[in-house]
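Taking it in order: structure first as structure tokens, then the write-up.
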Amino acid sequence: MKKLVLAAAAPLALLAACSGGADPEAVVETVRLTEQSQLQSIESGDVVGIARLYADDAKLVRPDGTVLDGGAAIAEEYAALLMDPNFALTIEPTGGWASESDDVAVLTSHVEFTTSDPETGEPVTTGLNSQTVWTKASGGSWMIRSAYNVAQPVAEPPAEEE
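Heads up, our numbering is the position in the sequence shown plus 8, with the first residue counted as 1.
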């Protein structure tokens, strides 16, 4: 069973018109809800549901710096992750902004990413900082254009005094 948590549950948001433009805060809430639907697809193991929000030319940068190019490559990566019995994500939104033109949004989050250690099979959790760029064509759906994930440095335990 996969564990997935979205730490900040956003209320249902409606885009508000404001002087001919969108309310950026409402747009961020809407995109967070779209993100949550994708996370539910991850939790249920639905690769199609996961991949449907990535643009065909999307890029996903993994914590090790390797880049996955395109929705198909990203879907393949998720399919492999879903095979891992320890795979889990915990996502805590940390910020975001959106354009008043209702066509670009950027979400930032802290992610706890858990997979199996290849040698021991034990779960290993890595803290990540994540930034996801979303775009929307006029009348279209929000799509992920890029997702950039950076591993947080591991804190060294304090040295013991002698």
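We put the CB at the ideal spot given by N, CA and C, even for glycine.
How close, in whole Å, do the beta carbons of D65 and G57 come, if the pair is a contact with beta carbons under 8 Å?
-> Here residue 65 refers to the residue found at position 57 of the sequence shown. Here residue 57 refers to the residue found at position 49 of the sequence shown. With a Cβ gap of about 20 Å, D65 and G57 do not count as contacting.
Are the beta-carbon atoms of G104 and T116 separated by less than 8 Å?
-> Start at 1 with the first residue of the sequence shown, and residue 104 comes out as number 96. Start at 1 with the first residue of the sequence shown, and residue 116 comes out as number 108. Yes, Cβ-Cβ distance for G104 and T116 is below 8 Å.
Return the residue from the list A106, A81, F95 that minimises the CA-CA distance to K67.
-> Stepping through the sequence shown from its first residue, residue 67 is reached at position 59. Here the closest residue by C-alpha is A81.
Could you round the C-beta distance between N157 and P131 to whole angstroms and report it? I think they count as a contact, below 8 Å.
-> Here the question's residue 157 lines up with position 149 in the sequence shown. Here the question's residue 131 lines up with position 123 in the sequence shown. Contact flag wrong, Cβ pair sits at about 18 Å.
Separation of T140 from M151, as counted between CA atoms = Translated into positions along the sequence shown, residue 151 becomes position 143. Translated into positions along the sequence shown, residue 140 becomes position 132. Approximately 10 Å, taken between the alpha carbons.
R153 (DSSP reduced to helix, strand or coil) = By one-based count along the sequence shown, residue 153 stands at place 145. In the three-state reduction of the DSSP assignment, R153 falls in the strand class, which pools E and B.
Candidates S107, D31, L136, P126: closest to K144 by CA position = As a first step, residue 144 is located in the sequence shown; it is residue number 136 there, counting from the start. In terms of Cα proximity to K144, the closest of S107, D31, L136, P126 is S107.
Residue burial classification, Q46 (beta-carbon count within 10 angstroms, cutoff 16) | By one-based count along the sequence shown, residue 46 stands at place 38. Classification for Q46: buried.
Would you mind stating whether V39 and W142 have Cβ atoms separated by less than 8 Å?
-> As a position in the sequence shown, residue 39 is number 31, starting the count at 1. As a position in the sequence shown, residue 142 is number 134, starting the count at 1. Result yes, Cβ atoms of V39 and W142 sit closer than 8 Å.
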